[in-house]
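Read the structure below first, then the notes.
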Amino acid sequence: MAETTDPLKGYRGRARQRLQELGVRVWSEVRILNDQGSTFEGVILPRSETADDLHVVVKLATGYNVGLHIDRIREVEELGFKEAVYKIPEQEFPHGPDLPKVTLLGTGGTIASRLDYRTGAVIPAFTPGELYGAVPELADLCNLTTRKIFGVFSENMGWEEYATLAQAIGDEIEAGVDGIVIGHGTDTMGHTAAVLSFMVQNSPVPIVVVGSQRSSDRPSSDAALNLIHAVRSAAYGDIAEVQICMFGPTSDQYGLLHRGTRCRKMHSSYRSTFRTVGDIPLCRVSASDFGSLTHEYLPRNPHRKVKIDPVYDDRVTILYYYPGMKPDVVDALVDQGYKGIVIAGTGLGHVNKPVFPALERAIAKGVHVVMTVQTLWGYAQMYVYDTGRDLLDIGVVPLDNMLPETALMKLGWVLGHTHDHDEVQKMMRHSYSHEITEREPHNGYLILQGGLPETEEFVLSQWK
Ligand code: ASP
């Protein structure tokens, strides 16, 4: 499959016009002279449709890309032309009569991409044949079907996509799969895993969300390993909940399964970026075995009937409290029609006094206001200080140790069912999928707060 049919792929407006005038195109090997007398030799790269129309991007022989402003380009000499053709060797995914059936639902993200560093182009690797070509180990694990549901980076996931995904999961379960893997960008993976934990209940089989921090062409990529671990967990794992499967603490030895409602991306670029917060991870998964870290989970049971409940009201938002916040922030949200506000408060669940009247006005207008804590670990305990007690009196609902993002996802889902204050409060405080836990494990914060050596030591100590 050629990457481009348009000779000026991605170039628009003035940049497109300039390249046409200069008589060169994407994949031309060029020598460019700029208005300061510097020359650049390299290959003209395709651009993304959302990029500006003022720069031409050239891949230099050093491997670096430079963006050259079109007004500063004096001369261009075409030295050659070599269209890059990308194809992941596609081989038919072998059918193993006795292997479990797994469906991979693709939503996009880095895991669905393969980046060519010579040219900078990104191509999707997705069909079972492509995946088999890239990660042949998958064929030893299962019979794999793939379905591309979306092809987006995860900041573009939203309520409509969550509902579609939940429905697709339901369809696959009805069709009798033994496990589901969802390929997803890591940035908002926690949000998706949380909302699916509410929209998909009573699953008979594992639903494993997986991504990668580094694309599969990079030597340090976590894509293949995460995928193998996720497929293995979907095919053979015992946890029939929505879970995230990502790189373990340090080495390439194992991945960790984290509960969908209790997981967070904690580092923008480390492969070991996901942490279970307020609890310990569910399980360790390696190429050869599983090491359960808890027994509190919904076990696989093929006879259980799944309940798909993909309702939502997207008029929900999250307010990350900061000292000096003014009440007008809350008033503006109410005026804009928001029906649910999750506050990530300080300490045990606080905001400053000037905001109180605005919260009172919001609640009087039927807006649902719930409280979580910015510390992430620990509980909103609003009866300890006057501030908390006053907020409770106003009608702010404490959510104990529910993570702020999980609370946001849950509030949107709950408001899809009801706007009745008591009912909303009841549903928000009911724990459907361990989003509220009675206590956090004594060693959880100390060990699993993110200290890699401590985490590694803990996980390996459980390795039977
Ligand atoms: N920006 C990407 C995303 O979340 C990053 C990734 O896939 O890990 O979609």
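The sequence shown lines up with residues 11 to 474 when you count with our numbering. A virtual CB, placed ideally from N, CA and C, is assigned to each residue, including glycine.
In the structure shown, S164 adopts helical secondary structure according to DSSP, grouped into three states.
In this structure, the alpha-carbon of T271 lies about 22 angstroms from that of F160. Restricting attention to F468, E182, P364, the CA atom closest to the CA of A244 is found in E182.
In the structure shown, L154 falls within a strand segment according to DSSP collapsed to helix, strand and coil. Taken through DSSP and simplified to helix, strand or coil, F103 comes out as coil. Judged by beta-carbon spacing, S38 lies within the 7 angstroms limit of E88, meaning their Cβ atoms are closer than that value. Taking one beta carbon from each stretch, the segment 404-415 and the segment 429-442 have 3 or more pairs nearer than 8 angstroms; the two touch. Secondary structure note for M381: its beta strand (DSSP E) is the uninterrupted segment 378-383.
For T120, the Cβ falls inside the 6 angstroms cut-off from some heavy atom of the ligand ASP. Annotated as distal: G118 and V76, with beta-carbon spacing of 7 angstroms or more.
Remark: the shortest separation between the CB of D232 and any heavy atom of the ligand ASP does not fall under 6 angstroms.
Within the same chain, Cβ atoms closer than 6 angstroms to the Cβ of H378 are found at G350, V434, the five residues on either side in sequence being excluded. Within the segment 342-427, the beta strand (DSSP E) runs of at least 3 residues that lie entirely inside it are, in chain order, 350-355, 378-383. Bounds of the alpha helix (DSSP H) holding H239 are 233-246. In the structure shown, the three-state DSSP call for P337 is helix. Closest option to D400, judged by alpha-carbon separation, among F300, G422, H360, G90: H360. When the five nearest sequence neighbours on each side are left out, the beta carbons in the same chain lying within less than 7 angstroms of the beta carbon of V424 are those of V434, M437, M438, in order along the chain. Separation of the CB atoms of T120 and G221 is rounded to 7 angstroms, and the pair is thereby assigned contact status at 8 angstroms. When the beta-carbon positions are compared, V380 and M335 stay at least 7 angstroms from each other. Within the same chain, L151, V295 come within 7 angstroms of R242 by CB-CB distance, once the 5 residues on both sides are set aside. I328: member of the beta strand (DSSP E) spanning 326-330, first to last residue.
Looking at M276, P138, T286, the one whose alpha-carbon comes closest to that of L267 is T286. Here G33 carries a coil assignment [DSSP, helix/strand/coil]. Under the 10 Å beta carbon count, G376 is surrounded by fewer than 16 other beta carbons and is classified as exposed.
In this structure Y172 is in contact with L206, their Cβ atoms being roughly 7 angstroms apart against a cut-off of 8 angstroms. Minimum Cα-Cα distance from E93 among the listed residues G186, R41, E100, V34 corresponds to V34. Look at T117: its beta carbon is at least 6 angstroms from all of the heavy atoms in the ligand ASP. Ranked by how close their Cα comes to the Cα of A372, the residues D345, T428, G355 have D345 in first place. Separation of the CB atoms of R157 and G116 is rounded to 7 angstroms, and the pair is thereby assigned contact status at 8 angstroms.
The beta carbons of E51 and R41 sit closer together than 7 angstroms.
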